[in-house]
Amino acid sequence: MSDISGSTLLRDVTVITVDQRRRIILNGFILVQDGRITHVSSKPPDKLPEDVRIMSLPGRIVIPGLINSHAHLAQSLLRGLAEDLPLHSWLCDRIWPLEAAYRGEGDAADGYVAARLTIGEMLLSGTTCFLEAMLTHGSGFANVARAVSEMGIRACLVSRPKCLHQLITSMLSTRLTNDDDKGKLVKFVETNPALGIADARDKDPDHMSIPSLLAAHSEFHGTSNDRIHVWAACGTPRGAPLSSFAEAGKACQQHDIGITMHCAEAPRDLSIFRDVYGDRTPMQFCRDAGLTGPKTVLAHMCHPRHGYRPGHPEGIADHGGAQPDEQPQARVGHRRGGPDAQSGGAHEALEMATIRGAKALGLETEIGSLGVGKKADLVVLDVRASWAAPWSPEMFPRGGMDPVSLVVGSCTGRDVTHVMVDGRMLVEDGRLLVADESAIVQSARQAVAGIQERSGVRASWKAGWEYE
Ligand SMILES: [Zn+2]
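Next comes the structure, spelled out in structure tokens:
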């Protein structure tokens, strides 16, 4: 199936454009031709292409595709295996050993299976674009790129440059092999005995060099009709010197490569910034390492002492299926700064999940809103269920509910019926068109059984609860 397919007219829909004027069209028409939007209006187009597919969808709301600005595709397989743990032991004792056990080739590769599971879940709940934050070597960059290419979603995938791995490996007296398999993952060595941090994935072969990043960029960036972009990723600094982060930042600037970084994930990370990096805040560290620029996405930044000042585009993310703070993607009811309704609100939340997310990825001229000339990445929500009542487009002009409040406050992924990326319908009537969902589930069950067997990691049973 080609990436770009035909023409589609959506009609009789409420359209939340999130365009520059923030137009909301109560009874609208959207025409998509050759992957792009050519008409968005309350009036029908003057002329329709001969091959157009006309879809009348009363009772539906169309929004721009949601943008997940921080995802870990491989971790969906690990759902439920690391519950109720503080971050560092969540990583060191469960997630990293599990991720170190990813294996396989072809259709059975754990990374490919995990990517298909996550992408299917994202599409079914209205996410059309994501930024992957840290592909592990075991997942395989090529496995994930293959799943993205086949399933039609838009993605910024990361290749993770080397960070002083020689120093740390000598500290560990561990010899890593170097088989130079370019384009596969790529991650910083995190293992740091001085801080009591051990990353089981550090036994993986070394694919973490900046040349490996550049090779992945040159091989994959712009492929699949420009749906795949390649970024660099850095982990939260946990002992590696600032100079090696600076090396990565310099390479990214020279080659115009976006860079994303985990930053200040847990309170303990703040003390590492302070004690190991000369009393810097996370933002000072990023600035001094040359990691900040127009194509930088800093993840987390949710502690009061991180040094961040509001004013940059902020996105919304689910952080992958294994994370304890997971949020359903289509539920964008985020209020920045706490429960104070003045600090955020539904309209700002929707902007963060669409146009501001696009801006953070440097893609705001192409996606993030519904306007003429933009790529046709859009989501249709069925708002006829009881949990959406009593909203109706007829009531809105008479003081009824704002559809943005409805989408943010009441809708979830279960309300998504259609999802289009690049003009291609990927979900229709709530069904995934680009893959067999039951086959994905079956493959995921097989894959995680092998991963658990190889890693020896088991989910904890809750003390005080009886399991028969
Ligand atoms: Zn993350």
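Quick note on the numbering used here: the sequence shown kicks off at 62 and runs consecutively. No residue lacks a Cβ here, since even glycine has one placed at the ideal position from N, Cα and C. No experiment lies behind these values; they were computed from the predicted model shown.
Bounding residues of the beta strand (DSSP E) (the contiguous stretch that carries residue i)
i    : result
F306 : Careful: F306 lies outside any beta strand (DSSP E), inside the alpha helix (DSSP H) at L303 to Q315.
G181 : Per DSSP, G181 belongs to no beta strand (DSSP E); it is in the alpha helix (DSSP H), D171 to L185.
T75  : S68 to I77
S102 : R97 to S102
D287 : Unbroken run through D287 is the alpha helix (DSSP H), T284 to D287; no beta strand (DSSP E).
D443 : L439 to D443
Own chain partners of residue i with C-beta closer than 8 Å, once the 5 adjacent residues on each side are dropped
i    : result
P355 : G423
E160 : A135, Q136, L139, T197, G199, S200, A261 and R262
I490 : Just to set this straight, residue 490 is Asp in the shown sequence, not Ile. Cβ neighbours of D490 beyond the five flanking positions: T478 and H479.
C155 : One detail in the question is off: residue 155 reads as Arg in this sequence, not Cys. Cβ within range, chain order: L139, L142, A143, L146 and V518.
L494 : M486, L487 and V488
L411 : I77, V79, I124, V393, V465, V468 and V469
A50  : What the structure shows of the chain is the stretch from 62 to 529, and residue 50 is not part of that stretch, so it cannot be assessed.
R515 : A162 and R164
I214 : I180, M183, L184, T188, T189, C190, F191, R288, V482 and L487
8 Å contact criterion, which residue i and residue j should meet: CB distance rounded
i    : j    : result
A524 : V465 : So it is not a contact: roughly 44 Å between Cβ atoms.
R121 : Y173 : Not really, about 33 Å apart at Cβ, beyond 8 Å.
P110 : Q94  : 6 Å
L352 : G319 : Not confirmed; about 11 Å, so no contact.
L442 : V468 : 6 Å
A276 : H323 : No, A276 and H323 are not in contact; Cβ-Cβ is about 23 Å, not under 8 Å.
C217 : W151 : Contact flag wrong, Cβ pair sits at about 25 Å.
K108 : F90  : With a Cβ gap of about 13 Å, K108 and F90 do not count as contacting.
T321 : A194 : 6 Å
T297 : E326 : 5 Å
G167 : D112 : G167 to D112, Cβ: 36 Å. No contact.
H131 : L184 : In fact, because the Cβ distance is near 18 Å, the residues do not count as touching under 8 Å.
Span of the alpha helix (DSSP H) around residue i
i    : result
R515 : E498 to S516
L274 : I271 to F281
G89  : Here G89 belongs to no alpha helix (DSSP H); instead the beta strand (DSSP E) covers I85 to Q94.
A419 : I416 to A421
V209 : F202 to M212
T197 : That residue, T197, is in no alpha helix (DSSP H); it is neither H nor E in DSSP.
Neighbourhood of residue i by C-beta distance below 6 Å, restricted to the same chain and skipping five residues each side
i    : result
M481 : A437 and L439
L92  : L70, T99, H100 and P106
C347 : T353
D349 : none
M116 : L71
S521 : none
C313 : A293 and I320
T75  : L87, I122, P454 and P464
P385 : Unreliable positioning characterises P385 in this predicted model, as indicated by a pLDDT of 40, which lies under 50. The coordinate reading is nonetheless provided below. Closer than 6 Å at the Cβ level, and outside the excluded window around P385, lies no residue.
D330 : T297
L127 : G187, T188, Q390 and A414
Contacts around residue i, its chain only, beta-carbon distance under 7 Å, and the 5 residues preceding and following it disregarded
i    : result
I512 : L138, L159, A162, Y163 and D171
V509 : L138
G96  : I65, K436, A437, D483 and G484
D317 : none
V337 : G300
A169 : none
S234 : Residue confidence for S234 is low, a pLDDT of 27 falling below 50, so the modelled location carries little weight; the figure read from the coordinates is stated next. Correct list: empty, nothing qualifies.
L148 : E326 and A327
Residue i Cβ short of 7 Å to ligand 2 heavy atom set
i    : result
M322 : Of the ligands one can find in the structure shown, namely ligand 1, none is ligand 2.
Margin query: With a threshold of 8 Å, are at least 3 pairs of Cβ atoms found where one atom belongs to the region 132 to 140 and the other to the region 172 to 186?
Written below: yes
Next item on the list: Starting from the N-terminal side, write out each stretch of the alpha helix (DSSP H) that is 4 residues or longer and does not extend beyond the region 449 to 489.
Entry: 464 to 470
Margin query: Quick check on the DSSP output: what are the complete beta strand (DSSP E) runs of length 3 or more inside the region 315 to 364, in order along the chain?
Written below: 320 to 324 and 357 to 361
Check: Between the region 450 to 459 and the region 473 to 488, are three or more C-beta pairs nearer than 8 Å?
Finding: no
Next item on the list: Can you check the region 112 to 166 for any alpha helix (DSSP H) of at least 4 residues that lies completely inside it and give the ranges in chain order?
Entry: 157 to 161
Note to self: Within 8 Å, do at least three Cβ pairs link the region 72 to 79 to the region 416 to 433?
What the structure shows: yes
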